[in-house]
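**Q**
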Amino acid sequence: MTYMVKTYVVCGAKTRGGTTCARRPSLGRNRCKLHGGASPRGNHHWNWQGKGQSREMRRREAAGLKRVRDLVKTAKAIGLIR
Ligand SMILES: [Zn+2]
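Convert by adding 649 to the 1-based position in the sequence shown; the result is the number in the working numbering.
1. Are serine 675 and cysteine 681 close, meaning C-beta to C-beta below 8 angstroms?
2. Just grab the DSSP bridge partners of lysine 734 for me.
3. Nearest by alpha-carbon distance to threonine 664: which of Met653, Lys655 and Leu683 is it?
4. Please state the DSSP three-state secondary structure of leucine 676.
5. Would arginine 690 pass as a contact of glutamate 710 if the rule is Cβ separation under 8 angstroms?
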């Protein structure tokens with residue numbers, strides 16, 4: 650017999666009381682809305698300049714490289730390239 654272990658994601662930020670925040674994170678984020686989950690990131694942020702080595706730009710570059718790697722892997726698998 651298998652048991653369904655109910656897991657749920659929590660914010661996990663340290664509260665003023667020293668405990669761990671048990672609120673659920675904002676959608677698509679790791680922290681709840683009280684602990685930074687609502688702060689705009691990347692080009693949604695008012696200080697966004699769209700240049701340099703900002704965290705968001707590094708993330709986008711890494712995502713693009715991963716797409717290329719996956720594409721090359723697929724092309725090799727089906728014999729389009731060697
Ligand atoms: Zn929180």
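In this text, a Cβ means the ideal position worked out from N, Cα and C, and glycines have one as well. Just so you know, these numbers come straight off a predicted model, no measurement behind them.
**A** On the basis of the supplied data:
1. Stepping through the sequence shown from its first residue, residue 675 is reached at position 26. Stepping through the sequence shown from its first residue, residue 681 is reached at position 32. Yes.
2. Lying outside 650 to 731, the shown extent of the chain, residue 734 is not represented and no answer is given.
3. Residue mapping note: residue 664 aligns to position 15 of the sequence shown, counting from 1. Of Met653, Lys655 and Leu683, the residue nearest in Cα terms is Leu683.
4. Taking the first residue of the sequence shown as 1, we reach residue 676 at position 27. Here leucine 676 sits in coil by DSSP.
5. Residue 690 sits at position 41 when you count from the first residue of the sequence shown. Residue 710 sits at position 61 when you count from the first residue of the sequence shown. Contact flag unset, no.
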